[in-house]
Amino acid sequence: MTRVLVIAAHPDDEVLGMGGTIAVHTDRGDEVRIVVVTDGSSTQYPGDAETRARKEEEAVRAAAELGVTDYTHLDLPDMRLDTLAHVDVNKVVEEHVRDFSPIIVYTPQPDVNRDHRVLFDSVAVATRPTPGQPVRRLLTYAPTSSTEWTPAAVNWFVPNWLVDITEALERKVAAFAHYETERRDYPHPRSEKAIRAAASFYGASCGCEYAEPFVLVRGLESS
173 MTRVLVIAAH PDDEVLGMGG TIAVHTDRGD EVRIVVVTDG SSTQYPGDAE TRARKEEEAV
233 RAAAELGVTD YTHLDLPDMR LDTLAHVDVN KVVEEHVRDF SPIIVYTPQP DVNRDHRVLF
293 DSVAVATRPT PGQPVRRLLT YAPTSSTEWT PAAVNWFVPN WLVDITEALE RKVAAFAHYE
353 TERRDYPHPR SEKAIRAAAS FYGASCGCEY AEPFVLVRGL ESS
């Protein structure tokens, strides 16, 4: 059994970017923890406690659909992580790395979304390869409606690690269906048809039916 930490800036990042891979991990018997670091709604729906609670419920149901019960939703300010001191965001991530001791960590690609970029920087700090560091593999995932909208001048996503999710695609689609507050009509990337299309494209890129893309930031093999 491998401990896997999935870090997200916003609820739905984790399903859009790697819902199928989460299901692959849980099917293997891996221990998966999902941590969403922002409240996920305070900028979009200011002062709307009801919508915030609804999004949290959607996220918990989506995680359960993928076989994850270890789900944590924090309350850092949505779309405003760049207003916080770097060390404060570091502390949040470091607490979960220290508490959970994951072998594999996934975090959003530092793309056009500034929260993703801030979070990536803090994950890079929390997982730096110091003596005693439990993390052996760090990867970034690509939340649709964010990474593919990123100008090349900011950060070009070039995946070098793909996961076959052929057996897990339907669970990814079912998990995202719980995010009623986030679903949009096609051709918006946050739609079922677009999710299937992206999985098909990356599957064809690596010789399987459906896949999800990642960037391997660092990997360490040991005997």
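Counting in the numbering used here, the sequence shown runs from 173 upward without gaps.
Glycine included, each C-beta is placed from N, C-alpha and C at the ideal position.
Predicted model only: the values in this text are computed from it and were never measured.
Candidates Gly-375, Phe-272 and Ala-371: closest to Ile-206 by CA position: Looking at the Cα atoms, Phe-272 is the closest of the given residues.
Assuming Leu-291 and Leu-253 make a contact with CB atoms under 8 Å, what is their CB distance in whole Å? Contact flag correct, Cβ pair sits at about 6 Å.
Considering only the beta carbon of each residue, do Glu-228 and His-245 sit closer than 8 Å? Yes; because the gap between Cβ atoms is below 8 Å, this pair is in contact.
Name the one or two DSSP bridge partners that Val-178 has. Bridge partners of Val-178: Ile-206 and Tyr-278.
Mind listing, in chain order, the continuous alpha helix (DSSP H) runs of no fewer than 4 residues lying wholly within the stretch 193 to 267? Taking only runs of at least 4 residues, the alpha helix (DSSP H) segments lying wholly in the stretch 193 to 267 are 221 to 237.
Can you have a look at Tyr-358 and say buried or exposed, based on whether 16 or more other CB atoms are within 10 angstroms of its CB? Burial state of Tyr-358 is exposed, judged by a 10 Å Cβ sphere holding fewer than 16 other Cβ atoms.
Look at Val-264 and Val-204 and say whether their C-beta atoms are less than 8 Å apart. No. Outside cutoff.
Short check: CB of Ser-318 to CB of Asp-293, under 8 Å? In this structure, Asp-293 does not lie closer than 8 Å to Ser-318 by Cβ.
Leaving out the 5 sequence neighbours to the left and right, which residues in its chain are closer than 6 Å to Glu-186 when beta-carbon positions are compared? Excluding positions up to five away in sequence, the list reads Val-178, Ala-180 and Ile-206.
Alpha carbon to alpha carbon, how far is Asn-285 from Met-251? Give it in angstroms, no decimals. Computed Cα separation, rounded: 8 Å.
So what's Val-307 in DSSP terms, helix, strand or just coil? Note: Val-307 maps to coil in three-state DSSP.
Output the boundary residues of the alpha helix (DSSP H) element that contains Asp-184. For Asp-184, no alpha helix (DSSP H) run applies, since DSSP gives it neither H nor E.
Could you have a look at Glu-393 and say whether DSSP puts it in helix, strand or coil? Correct three-state label for Glu-393: coil.
Is DSSP giving Ala-296 helix, strand or coil here? In the structure shown, Ala-296 falls within a helical segment according to DSSP collapsed to helix, strand and coil.
Is the stretch 356 to 372 close to the stretch 302 to 316, with three or more CB pairs under 8 Å? The answer is yes - the stretch 302 to 316 touches the stretch 356 to 372, with three or more Cβ pairs under 8 Å.
Between which residues of its own chain and Ala-347 is the CB-CB distance below 7 Å, once the five residues before and five after are set aside? Contacts found: Val-187, Gly-191, Ala-234, Glu-237 and Leu-238.
Comparing alpha-carbon positions, which option in Ile-194, Leu-388, Glu-339 and Pro-183 lies nearest Thr-174? Thr-174 has its Cα closest to that of Ile-194, out of Ile-194, Leu-388, Glu-339 and Pro-183.
Looking only at its own chain, which residues have a Cβ that is under 7 Å from the Cβ of Glu-354, when we skip the five neighbours before and after it? Cβ neighbours of Glu-354 beyond the five flanking positions: Asp-184 and Arg-362.
So if DSSP puts Tyr-374 in a beta bridge, which residue, or which two residues, is it bridged to? Paired residues: none, contrary to the question.
Separation of Val-261 from Glu-381, as counted between CA atoms: Cα-Cα distance, rounded: 38 Å.
For Gly-189, is the classification buried or exposed, using 16 other Cβ atoms within 10 angstroms of its Cβ as the cut-off for buried? So Gly-189 counts as buried.
Rounded to the nearest angstrom, what separates Lys-365 and Glu-352 at their Cα positions? Approximately 15 Å between the Cα atoms of the pair.
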